[in-house]
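Peer 1: To start, I am sharing the structure in question, which I have written as structure tokens.
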Ligand code: SF4
């Protein structure tokens, strides 16, 4: 599943959540964001509308961090940075 906040996209590979006992992502969201990530039928999910997700999300990235360390590495967050590719090309730091 995936959803968007104001400028970022959160992608969760739900199949990796099988067997996760910490649900650290949801706990992190309650602690560092506004609890927009919920446990729904045993898996992380959202119930807010796309508009409310963009309005309420703080883009804290805590769910991805906590999932790396205490979950199963199921979350990836895309953070577009306008001008980054052009900068890398100009300074020879493209990968
Ligand atoms: S911490 Fe990671 S693996 Fe565990 S439920 Fe959350 S997203 Fe899934």
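Numbering (the numbering used here), first residue to last: 1051 to 1145. Using N, Cα and C, we set each Cβ at its ideal position, and we do this for glycine too. Computed from a prediction, not measured in an experiment: that's the story for all the values here.
Report the option in 1070, 1094 and 1108 whose CA atom is closest to the CA atom of residue 1057.
Peer 2: 1108
Peer 1: Would you give the residue range spanned by the alpha helix (DSSP H) that residue 1089 belongs to?
Peer 2: First-last for residue 1089: 1088 to 1090, but that is the beta strand (DSSP E), not the alpha helix (DSSP H).
Peer 1: Hey, residue 1094 and residue 1103: beta-carbon distance below 7 Å or not?
Peer 2: no
Peer 1: So which residues touch the region around the ligand SF4, with touch meaning a C-beta under 6 Å from any heavy atom?
Peer 2: 1062, 1066, 1067, 1070, 1072, 1073, 1074, 1075, 1094, 1117, 1121, 1122, 1124 and 1125
Peer 1: Straight-line CA distance for residue 1065 to residue 1090?
Peer 2: Those two C-alpha atoms are separated by around 14 Å.
Peer 1: Give me the Cα-Cα distance between residue 1062 and residue 1135, rounded to the nearest whole angstrom.
Peer 2: About 25 Å.
Peer 1: I think residue 1126 touches residue 1114, with their Cβ atoms under 8 Å apart; what is that distance to the nearest whole Å?
Peer 2: 7 Å
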